[in-house]
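First to last, the protein sequences are chains A and B. Just so we're aligned, residue 1 is where the first sequence starts under this note's numbering, counting upward by one. Just so we're aligned, residue 272 is where the second sequence starts under this note's numbering, counting upward by one.
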Amino acid sequence: MLLLWSVLPLIVTLWFSLRRYNLMNPSRTGFDGLGNYRYLLSDPGLGLAVWNTVLLLGSVLVITISLGTLIAILLDQEFYGRGFARVLMLAPFFVMPTVSALLWKNMMMHPDNGFLAFLMRSVGLQPIDWFAVAPLTSIIIIVSWEWLPFAVLTLLTAIQSLDAERKEAARMDGAGPIAMFRYIVWPHLGRAVAATTMIETIFILGIFAEIYVTSSGGPGFASTNLSFLIYRYVLMEYDIGGAAVAGLLAIVLANVLAFFLLRSFARNLDT
Amino acid sequence: MATVDLQQLRKSYNSTEIIKGIDLTVRDQELTVFVGPSGCGKSTLLRMIAGLEEITSGELRIDGQRVNDVPAAKRGLALVFQSYALYPHMTVAENMSFSLKLAGVRRAEREAKVMEAARILHLEPLLDRKPKDLSGGQRQRVAIGRAIVRHPRVFLFDEPLSNLDAALRVRMRQELTKLHRELKATMIYVTHDQVEAMTMADRIVVLQAGVVEQVGTPMELYRSPRNLFVAGFIGSPRMNFLTATVTSVSETGMAMTLTDGTTIHAPLPASALGIGDTITLGIRPEHISLGVEGSIGAQVNLVEHLGSESYVSLQANSGEVLTVRVSGESKIDPEETVRLALDTDFLHLFDATGQRIS
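1) Near glutamine 586(B), which residues of its chain fall below 7 Å by C-beta distance, leaving aside the five closest residues on each side in sequence?
2) Specify, as a first and last residue, the run of the beta strand (DSSP E) that methionine 361(B) falls within.
3) Would you decide whether lysine 403(B) is buried or exposed? Buried here means 16 or more other CB atoms lie within 10 Å of its CB.
4) Could you check the C-alpha separation between threonine 224(A) and phenylalanine 208(A) for me, to the nearest Å?
5) Identify the continuous alpha helix (DSSP H) that holds methionine 172(A) and give its terminal residues.
6) Over the uninterrupted beta strand (DSSP E) stretch that includes valine 597(B), give me the two end residues.
7) Output the distance between the C-alpha atoms of valine 234(A) and leucine 2(A), rounded to the nearest integer angstrom.
8) Given valine 595(B), which residues of its chain have a CB within under 6 Å of its CB, disregarding the five upstream and five downstream residues?
9) In this structure, how does DSSP classify serine 264(A) when only helix, strand and coil are distinguished?
10) Nearest by alpha-carbon distance to isoleucine 333(B): which of Thr624(B), Ala321(B) and Gln465(B) is it?
11) Classify arginine 166(A) as buried or exposed, calling it buried when 16 or more other Cβ atoms lie within 10 Å of its own Cβ.
12) Under 6 Å Cβ to Cβ from tryptophan 15(A), same chain only, skipping five residues before and after it: list those, please.
13) Can you give the Cα-Cα distance for glycine 416(B) and alanine 169(A), rounded to whole angstroms?
14) Contact between the segment 542-551 of chain B and the segment 516-528 of chain B is defined here as three or more beta-carbon pairs at a separation below 8 Å; is this criterion met?
15) Give the residues of chain B in contact with alanine 169(A), contact being defined as C-beta atoms less than 7 Å apart.
16) Can at least three beta-carbon pairs, one atom from the segment 56-67 of chain A and one from the segment 135-146 of chain A, be found at a separation below 8 Å?
17) Against arginine 38(A), what residues of chain B qualify as contacts under a CB-to-CB distance less than 9 Å, listed in chain order?
18) How about threonine 173(A): is its C-beta nearer than 7 Å to some C-beta of chain B?
19) What in chain A is Cβ-close to phenylalanine 426(B), meaning under 8 Å?
20) How about serine 370(B): is its C-beta nearer than 7 Å to some C-beta of chain A?
21) From this set, Leu257(A), Asn255(A), Val256(A) and Ser227(A), which residue's C-alpha is nearest leucine 46(A)'s C-alpha?
22) Could you name the residues of the same chain whose beta carbon sits closer than 7 Å to that of leucine 397(B), not counting the 5 residues immediately before and after it, in chain order?
23) Any C-beta of chain A within less than 7 Å: which residues of the segment 328-348 of chain B qualify?
24) Quick one, which residues of the segment 151-163 of chain A are near chain B if we go by CB-CB under 8 Å, in chain order?
25) Measure the alpha-carbon distance for valine 252(A) versus glycine 375(B) and round it to whole angstroms.
26) Which residue's Cα is closest to the Cα of isoleucine 554(B): Ile535(B), Phe305(B), Tyr358(B) and Val413(B)?
27) Excluding five sequence neighbours on each side, which residues of the same chain lie with their C-beta closer than 6 Å to the C-beta of threonine 271(A)?
28) I'd like to confirm the pairing. Which residues does DSSP put opposite glutamate 288(B) in its beta bridges?
29) Within the 7 Å Cβ cut-off, does serine 264(A) reach chain B?
30) Using a Cβ cut-off of 7 Å (strictly closer), state whether glutamate 200(A) contacts chain B.
31) Assign leucine 392(B) to one of three DSSP states: helix, strand, or coil.
32) On a CA-only basis, which of Ala179(A), Ala258(A) and Val193(A) is nearest alanine 158(A)? Give me that one, please.
33) For glutamine 479(B) versus glycine 310(B), is the C-beta spacing smaller than 7 Å?
34) Spell out a yes or no on whether the segment 297-304 of chain B and the segment 239-249 of chain A are touching, meaning 3 or more CB-CB pairs, one atom from each, closer than 8 Å.
35) By DSSP's criteria, serine 521(B) is part of a beta bridge. Which residues make up the other side?
Here's what the structure looks like:
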């Protein structure tokens with residue numbers, strides 16, 4: 001039963017990937033061998049979509065974890081209104097992806113009445129049409145904004161679990177703020193960083209709503225990732241077979257990434 | 272090596288004063304123990320010396336030099352924490368050499384110092400292990416090793432043995448005393464355990480509620496506690512106390528009656544006392560003998576056999592509960608009625624305010 005539960009969708013996808021199955025052309029059925037694969041691999045959009053997926057994931061991971069660590073350290077300090085600041089920091093996580101993408105598209109990044117455009121004009125700069133000029137960068141910014149609270153939350157919890165006496169021992173040993181971070185705090189965060197990376201990877205590989213709402217994967221394939229490519233195949237070209245192949249490719253990519261992540265973390269977690 | 276001087280040292284959190292003006296000199300090469308019940312401020316005082324807590328007012332001098340505003344790392348002190356506070360991701364050797372690495376000491380010199388400390392503490396075979404692979408006693412030794420490699424002017428210990436089991440605690444106590452002799456270092460040791468204080472200290476500082484109650488060698492404190500608190504705190508089981516009224520005072524001695532009317536004569540010239548004064552009479556469990564004769568009548572509550580000796584808990588006719596030490600072979604049963612004789616050479620008298628009457 002469990003096997004069926006976990007493997008059946010994969011088998012069905014495999015089956016579709018080997019067949020001619022286009023909703024626009026239902027009479028053309030039958031076995032196609034590796035035809036879908038040949039077609040997909042020759043698609044110029046594919047390489048770009050894979051590259052965009054990896055770039056999106058990598059950038060968001062780097063931004064959320066580095067900025068998240070910094071903010072977590074700040075929020076760990078004693079200051080007036082700390083509780084309120086923490087709640088504010090976590091707020092974006094509760095906004096639905098579709099809504100936050102719309103917010104960014106219409107209120108922040110809009111070239112005419114967006115807040116960023118207003119800021120740029122007020123210092124005498126030409127506003128940028130974000131989704132036309134830098135669509136993938138824009139999506140990276142939006143997704144980072146959505147996932148930063150999660151990183152802050154896990155990292156802050158980890159920082160708080162650091163033994164106070166251990167920090168004092170390091171202080172007695174002569175560690176200043178930088179040495180303290182480098183030798184005591186960061187190694188302690190290893191586990192939390194690993195967990196954050198893993199969870200973010202799972203969700204960010206499948207980013208869809210943000211792209212659909214803002215750039216629709218364009219211009220061209222400039223902001224299309226794998227999951228959006230699958231959508232293109234299915235709903236723009238009605239090509240189930242092609243979509244199945246792209247889906248399989250997404251699974252392969254996810255597994256390759258997971259393999260490398262797990263291997264490097266397994267080493268880290270040894271301590 | 273070094274001396275540490277505390278002059279009117281005070282510490283307040285908001286409006287609560289925790290340390291209430293402490294004057295104290297920790298002498299060179301001595302092992303000084305701060306002892307007191309929990310919450311007495313002994314750990315806070317140690318952390319103020321270490322530089323982990325700010326000093327609200329007063330002056331702290333190490334070797335005559337004022338260090339109130341010198342950061343913790345620059346005071347030349349090393350602190351061994353109760354939880355050891357080892358760095359879990361570093362090996363034993365890295366733990367011990369961390370401070371040297373931060374200070375920019377060259378690798379060869381670092382290794383030499385770590386090897387030397389490892390030799391003293393018998394840690395050589397463990398240098399490449401991580402803390403999680405060590406036993407409690409070994410971790411304790413690594414924490415001490417981390418202090419030794421820095422060649423500090425003063426070693427500070429914050430209840431270092433309280434996380435160990437009883438047998439290991441006794442062994443580490445002896446090892447620490449030996450280490451103190453070997454290193455000839457000035458050490459300040461904080462504990463709530465008066466047994467540790469008695470067995471290890473060159474001098475004991477008894478603290479209560481942020482105030483020094485008495486400073487002295489273990490035997491000085493045992494023989495002539497300055498007040499009721501020290502008398503009750505030092506010694507195990509604790510000293511017995513009886514309330515009494517003075518009935519006569521002379522050049523050579525005095526007499527008093529207990530609450531049940533028993534008269535006790537003591538060879539103590541107590542000129543400060545007048546007839547009718549209420550005093551507290553203190554006597555340690557080993558200075559009471561139990562038998563068919565004696566001035567005080569009592570009933571046995573409980574007998575605790577330790578093997579070589581037994582402690583008998585009794586209810587005196589005057590109402591107070593007393594503890595008496597007897598030989599382990601004595602046959603005494605609960606509910607038995609006995610007579611107690613006090614060895615009056617070892618009586619301690621305290622006036623109504625709890626101060627010792629010499």
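Virtual Cβ for every residue (Gly too), placed ideally from N, Cα, C. Since the model is a prediction, treat every value here as computed from it, not as a measurement.
The answer reads as follows:
1) For the purposes of this step, residue 586(B) is taken as residue 315 along the second sequence, with counting starting at 1. Contacts found: Ala569, Gln570, Asn572 and Val592.
2) For the purposes of this step, residue 361(B) is taken as the residue at position 90 of the second sequence. First-last for methionine 361(B): undefined, no H or E at that position.
3) One-based indexing of the second sequence puts residue 403(B) at position 132. When all chains shown are included, lysine 403(B) counts as exposed.
4) Position 224 of the first sequence, counted from the start, is the residue given in the question as residue 224(A). Position 208 of the first sequence, counted from the start, is the residue given in the question as residue 208(A). Looking at the two C-alpha atoms, the distance is approximately 9 Å.
5) Residue mapping note: residue 172(A) aligns to position 172 of the first sequence, counting from 1. Unbroken alpha helix (DSSP H) run through methionine 172(A): 164-172.
6) Reading the second sequence from its first residue, position 326 is the one you call residue 597(B). It spans 592-598 - the beta strand (DSSP E) in which valine 597(B) sits, taken as one unbroken run.
7) Taking the first sequence and counting its residues from 1, the one referred to as residue 234(A) is at position 234. Taking the first sequence and counting its residues from 1, the one referred to as residue 2(A) is at position 2. In a straight line, the C-alpha of valine 234(A) is about 29 Å away from that of leucine 2(A).
8) Counted from its first residue, the second sequence places residue 595(B) at position 324. For valine 595(B), where only same-chain residues beyond five positions count, the Cβ hits under 6 Å are Pro556, Ile559, Leu561 and Val583.
9) Here residue 264(A) corresponds to residue number 264 of the first sequence, with the count starting at 1. Secondary structure of serine 264(A) (DSSP, three-state): helix.
10) Here residue 333(B) corresponds to residue number 62 of the second sequence, with the count starting at 1. When only C-alpha atoms are compared, the closest one is Ala321(B).
11) On the first sequence, position 166 is the one that residue 166(A) refers to. Arginine 166(A) is buried by the Cβ-count criterion.
12) Here the question's residue 15(A) lines up with position 15 in the first sequence. Counting only Cβ-Cβ distances below 6 Å, and skipping sequence neighbours, we find nothing.
13) Numbered from 1 along the second sequence, position 145 holds the residue referred to as residue 416(B). Numbered from 1 along the first sequence, position 169 holds the residue referred to as residue 169(A). If I take the Cα positions, the gap works out to 13 Å.
14) yes
15) Along the first sequence, read from residue 1 onward, the residue named residue 169(A) stands at position 169. Going along chain B in sequence order, the residues near alanine 169(A) (Cβ under 7 Å) are Phe352 and Ala356.
16) yes
17) To locate residue 38(A), count along the first sequence from 1; it is residue 38. Ordered by position in chain B, no residue passes the 9 Å Cβ test against arginine 38(A), which lies about 50 Å from the chain.
18) Mapped onto the first sequence, residue 173(A) falls at position 173. Reading the sequence as shown, one finds aspartate at residue 173(A) and not threonine. Contacts with chain B at 7 Å (Cβ-Cβ) include aspartate 173(A).
19) Within the second sequence, residue 426(B) is the residue found at index 155, counting from 1. Neighbours of phenylalanine 426(B) on chain A: none; closest Cβ ~12 Å, over 8 Å.
20) Locating residue 370(B) in the second sequence gives position 99, counting from the first residue. Answer yes: the Cβ-Cβ gap between serine 370(B) and chain A drops below 7 Å somewhere.
21) Along the first sequence, one-based indexing puts residue 46(A) at 46. Residue Ser227(A) is the option with its Cα nearest to leucine 46(A).
22) Numbered from 1 along the second sequence, position 126 holds the residue referred to as residue 397(B). Taking C-beta separations shorter than 7 Å and ignoring five residues to either side along the sequence, the partners of leucine 397(B) in its chain run Val363, Leu405 and Gln409, following chain order.
23) Listed by position, the residues of the segment 328-348 of chain B near chain A (Cβ gap below 7 Å) are Ala343 and Ala344.
24) Asp163
25) The residue you call residue 252(A) lines up with position 252 of the first sequence. The residue you call residue 375(B) lines up with position 104 of the second sequence. So the alpha carbons of these two residues sit roughly 48 Å apart.
26) One-based indexing of the second sequence puts residue 554(B) at position 283. Closest option to isoleucine 554(B), Cα to Cα, is Ile535(B).
27) On the first sequence, position 271 is the one that residue 271(A) refers to. Note on threonine 271(A): pLDDT 48, under 50, position unreliable in the model; the coordinate value appears next. There are no such residues.
28) Locating residue 288(B) in the second sequence gives position 17, where the first residue counts as 1. Ser283(B).
29) Reading the first sequence from its first residue, position 264 is the one you call residue 264(A). Judged by the 7 Å Cβ criterion, serine 264(A) is not in contact with chain B.
30) Here residue 200(A) corresponds to residue number 200 of the first sequence, with the count starting at 1. Output row for glutamate 200(A): interface = no.
31) One-based indexing of the second sequence puts residue 392(B) at position 121. Three-state DSSP puts leucine 392(B) in a helix.
32) Locating residue 158(A) in the first sequence gives position 158, counting from the first residue. Comparing Cα-Cα distances from alanine 158(A) to each of Ala179(A), Ala258(A) and Val193(A), the minimum goes to Val193(A).
33) For the purposes of this step, residue 479(B) is identified with residue 208 of the second sequence, where counting begins at 1. For the purposes of this step, residue 310(B) is identified with residue 39 of the second sequence, where counting begins at 1. In this structure, glycine 310(B) does not lie closer than 7 Å to glutamine 479(B) by Cβ.
34) no
35) Numbered from 1 along the second sequence, position 250 holds the residue referred to as residue 521(B). None; serine 521(B) has no bridge partner.
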